[in-house]
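Comments concern the structure below.
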Amino acid sequence: MTPTVALQDVEVDYRGRGRALGPVTLTIEAGEIVALVGPSGCGKSTALRLLAGLEPATRGQVHRAVGRGETSVVFQAPTLAPWMSAAANVALPLELSGTPRPEAQARATEALARVGLAGAGESRPAQLSGGMAMRTSLARALVTQPRLLMLDEPFAALDEITRRTLADDVLHLWSETRPAIVFVTHNVEEAAYMASRIVVLTRGPGRVAGEVRVDAPLPRPPGFRAKPVFAEAAEAVSALLAAGSEAVA
Amino acid sequence: MKRVVDALAPAALILLLLAGWEAACRLTGVPAYFLPPPSKVMLAAASGLTVLVPAAWNTLSVALVALVLAAGAALALALLVGLSPLLERAVRPLASALQVTPVVAVAPLILIWAGIDHPERAVIALAVLVAFFPIFSGTVTGLRSADPDLERLFDLYGASRLQRVLRLRLPAAVPFLMEGLKVGAGLAIIGAVVAEFAAGSGGVRGLAWQILDAGNKLQTDRMIAALVVLAVMGVAVHAGLERLEGAGLRWWRGR
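Chains as they are written, first to last, in my numbering: chain A, 579 to 827; chain B, 7 to 261.
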């Protein structure tokens, strides 16, 4: 395994608000799916922005083996430009990096089809349901064929059925090109279902409280949530979360 | 039923006030040069229609030309400022100073600059001056209103400064720009009227000149008639722009 991005003794301070994260040491290997789990305010999203190269570390080192153009981010909200069609939103990252418009549009249409939105390209974001908007956001992240995909609580605002469907879709899409995925969540079950490795952060400023490996192949088979390995992983994560909170309290 | 009542309520109030006004004038016998009854005002409006309508058009066209010029200048300057934070810091105090200086106080100066022989240019310049600020400040605010996560995506995709302005900040500013245009249009009419007053009885014969002229001759009914035309014009322009803004926003949001 080769590291895609690594944090070494990284700390982030925000002016006036003190330490937001760290020190944290964390390595993301190529092709693995890592969940970052922690209580609210522990710096999960900060860690994600660090990994994506969107924010500098105050101290410590960030090693990135992927370029900016090979990194994609999906935020908690779909973050689509309301004045553009879904297809134009998806084509945007390609057009900004200089891909000719016809090719960008063709690839956007293809990416939309991959997330199950063939034919929705002409719709405006306001005309899409929450789940469809999130899929559009996912298509925009995938259209550049990233080697590192960051998801910042991408399903937090969706209903339970939609989030489960989208979790399966993300795993299925992962199996096609196998990018490294880092996703932030505070949902323990979601982490145990989607990740090959779960990194638990302590209450803010977050440090690594521990790691849990989920020993089962990806994508997960039907009925995985009823398997002992799923329950054990979820239990271990819950125990680490509780310990991480006590350590500070 | 409720909608009909809602729509009729303002008309009913106006009729009631007019009736009270008419009755008060007749009962107290107040002289017509001091307060003419609404019936006399209506007569004055009807007989002066051939003068009032061109005068209204004169004021309105000045305001519209000023609005277009102000919008162009405000948009251009806002874009420049949007490209350079340093320029924004430099421009802000000047723009604020421009905003808080009363247009009446600047008018004599502008009249000298525009040339005493071309009062219509001075009137347009003054209307531009008052219409400029809301459009400029609305656009500048709008240029900074883009979703911070979308800004981060533009970082991630290595967008150039120009791409960021043209593809993210300018479209994001459209609702603010439309609000600024609406406010600016109202101010352009006020600016045009105030400037006409300041220009005095020169060659500009808009509604303000009608009011001044009637006032000098103590024709109070003509004065009020011109005022009513001015108010109706203002309401019509505002309503038109409100609809335009609504349609623009529906297009922008996609529904």
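We treat Cβ as the ideally placed atom computed from N, Cα and C, and that holds for glycine.
Name the residue from the options whose alpha carbon lies nearest to the alpha carbon of residue i.
| i | options | result |
| --- | --- | --- |
| residue 230 of chain B | B/21, B/25, B/38, B/125 | B/38 |
| residue 806 of chain A | A/770, A/776, A/783 | A/770 |
| residue 173 of chain B | B/104, B/186, B/189, B/156 | B/156 |
| residue 193 of chain B | B/151, B/256, B/239 | B/239 |
| residue 266 of chain B | B/170, B/168, B/111 | The question about residue 266 of chain B has no answer, for chain B in this structure spans 7 to 261. |
| residue 147 of chain B | B/185, B/36, B/168 | B/185 |
| residue 640 of chain A | A/648, A/604, A/669, A/711 | A/604 |
| residue 631 of chain A | A/727, A/786, A/661 | A/727 |
| residue 758 of chain A | A/712, A/643, A/594, A/590 | A/643 |
| residue 176 of chain B | B/16, B/85, B/42 | B/85 |
| residue 784 of chain A | A/654, A/748, A/615, A/593 | A/615 |
| residue 735 of chain A | A/655, A/601, A/821 | A/655 |
| residue 608 of chain A | A/724, A/713, A/646, A/703 | A/724 |
| residue 650 of chain A | A/588, A/670, A/767 | A/670 |
| residue 589 of chain A | A/664, A/636, A/626, A/680 | A/636 |
| residue 602 of chain A | A/768, A/628, A/690, A/679 | A/628 |
| residue 139 of chain B | B/182, B/105, B/217 | B/105 |
| residue 71 of chain B | B/129, B/50, B/250 | B/129 |
Assign residue i to one of two classes, buried (16 or more other C-beta atoms within 10 Å of its C-beta) or exposed (fewer than that).
| i | result |
| --- | --- |
| residue 225 of chain B | buried |
| residue 215 of chain B | buried |
| residue 59 of chain B | exposed |
| residue 755 of chain A | exposed |
| residue 583 of chain A | buried |
| residue 90 of chain B | exposed |
| residue 750 of chain A | exposed |
| residue 720 of chain A | buried |
| residue 730 of chain A | buried |
| residue 163 of chain B | buried |
| residue 257 of chain B | exposed |
| residue 787 of chain A | buried |
| residue 827 of chain A | Low per-residue confidence applies at residue 827 of chain A: pLDDT is 46, beneath 50, and the placement is therefore not dependable enough to give any value. |
| residue 712 of chain A | buried |
| residue 195 of chain B | buried |
| residue 98 of chain B | exposed |
| residue 782 of chain A | buried |
| residue 791 of chain A | exposed |
Along chain B, in chain order, which residues have C-beta atoms closer than 9 Å to that of residue i?
| i | result |
| --- | --- |
| residue 659 of chain A | 152, 153, 156, 173, 174, 177, 178 |
Name the one or two DSSP bridge partners that residue i has.
| i | result |
| --- | --- |
| residue 260 of chain B | DSSP, once it has assigned bridges, lists no residue as partnering residue 260 of chain B. |
| residue 163 of chain B | In the DSSP output, where bridge partners are listed per residue, residue 163 of chain B has none listed. |
| residue 739 of chain A | According to DSSP, which records beta bridges pairwise, residue 739 of chain A is partnered with nothing at all. |
| residue 20 of chain B | Answer is none; residue 20 of chain B lacks a bridge partner. |
| residue 125 of chain B | Bridge partners of residue 125 of chain B: none, in fact. |
| residue 613 of chain A | A/761, A/776 |
| residue 591 of chain A | A/597 |
| residue 838 of chain A | Nothing can be reported for residue 838 of chain A, as the shown portion of chain A is limited to 579 through 827. |
| residue 784 of chain A | A/599 |
| residue 230 of chain B | Beta-bridge pairing links residue 230 of chain B to no other residue. |
| residue 728 of chain A | A/651, A/760 |
| residue 200 of chain B | Paired residues: none, contrary to the question. |
| residue 141 of chain B | Per DSSP, none; premise fails for residue 141 of chain B. |
For residue i, go through chain B and note every residue whose CB falls closer than 7 Å to its CB, in chain order.
| i | result |
| --- | --- |
| residue 632 of chain A | 158, 161, 162 |
| residue 733 of chain A | Those within 7 Å of residue 733 of chain A in chain B number zero; the least Cβ separation is about 16 Å. |
| residue 761 of chain A | Those do not exist, as residue 761 of chain A stays about 16 Å from chain B at its closest Cβ, beyond 7 Å. |
| residue 653 of chain A | 155 |
The ligand GDP heavy atoms versus the CB of residue i: any closer than 7 Å?
| i | result |
| --- | --- |
| residue 779 of chain A | As for the ligand GDP, it is missing from this structure, which has no ligand bound. |
Under 9 Å Cβ-Cβ, which residues of chain A neighbour residue i?
| i | result |
| --- | --- |
| residue 261 of chain B | 702, 704, 705 |
Against residue i, what residues of chain A qualify as contacts under a CB-to-CB distance less than 8 Å, listed in chain order?
| i | result |
| --- | --- |
| residue 165 of chain B | 674 |
| residue 258 of chain B | 660, 661 |
Is there a Cβ from chain C that is less than 8 Å from the Cβ of residue i?
| i | result |
| --- | --- |
| residue 225 of chain B | This model lacks chain C altogether, as its protein chains are A and B. |
So which residues of chain A does residue i contact, with C-beta pairs closer than 7 Å?
| i | result |
| --- | --- |
| residue 169 of chain B | 674 |
Using a Cβ-Cβ cutoff of 8 Å, what residues of the region 637–650 of chain A are near chain B? List them in chain order. Per Cβ criterion, the list reads 646, 647, 649, 650.
Check distances from the C-beta atoms of the region 661–683 of chain A to those of chain B and list, in chain order, the residues that come in under 7 Å. So the close ones are 661, 671, 674, 675.
If you measure beta-carbon to beta-carbon, which residues of the region 703–715 of chain A are closer than 9 Å to chain B? Answer set for the region 703–715 of chain A: 703, 704, 705.
With 9 Å as the limit, tell me which residues of the region 103–137 of chain B have their beta carbon closer than that to any beta carbon of chain A; keep them in chain order. Against chain A - using a Cβ distance shorter than 9 Å - the region 103–137 of chain B contributes no residues.
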